[in-house]
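Enquirer:
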Amino acid sequence: MKMNKIEYFKNLLEKNPENPMVHYSLGLEYYKVKDYENAIKHLTKYLQLQEDEGAAYRTLAKCYEEMGEFQKAIEVLKEGIKQAMKFNHPSMAQEYQQWIEELKSMSF
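Each position in the sequence shown, counted from 1, maps to that position plus 47 in the numbering used here.
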């Protein structure tokens, strides 16, 4: 029987629970199937284990946005801006800033 990607990454995680890339991959797979709570859990763990240049913050913010938690999405994006600037990704930082403005208008 062929294993799906989520099961595959969960098996890898059992062998190495502190592997940041497995948490990142699981977060992305859960996001794809709209399991936002598990996506948030694994993306947050990834960010605790490894510094990210900014891209993981995009997916994490999308999860919160999909759940209607706009303020949390804004907080994640603000952190993403800091990381994007630290790693010299000004266009990513600008994208996140524009997204924050859109979220603010939705969360009045």
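Glycine included, each C-beta is placed from N, C-alpha and C at the ideal position.
Just mark V80 as buried or exposed, buried being the case when its beta carbon has 16 or more other beta carbons within 10 Å.
Expert: Here the question's residue 80 lines up with position 33 in the sequence shown. Exposed is the call here.
Enquirer: State the DSSP-derived secondary structure class of F56, mapped to helix, strand or coil.
Expert: Residue 56 sits at position 9 when you count from the first residue of the sequence shown. Looking at F56 - three-state DSSP - the assignment turns out to be helix.
Enquirer: Closest to A102 by C-alpha separation, out of Q130, E113, Y78, would be which residue?
Expert: Locating residue 102 in the sequence shown gives position 55, counting from the first residue. Ranked by how close their Cα comes to the Cα of A102, the residues Q130, E113, Y78 have Q130 in first place.
Enquirer: Please classify S72: is it buried, with 16 or more other beta-carbons within 10 angstroms of its beta-carbon, or exposed?
Expert: As a working mapping, residue 72 is identified with position 25 in the sequence shown. Classification of S72: buried, given that the 10 Å Cβ count is 16 or more.
Enquirer: So for M70, helix, strand or coil by DSSP?
Expert: On the sequence shown, position 23 is the one that residue 70 refers to. Inspection of the sequence shows that residue 70 is occupied by His rather than by Met. Judged by DSSP in its simplified three-state form, H70 adopts helix.
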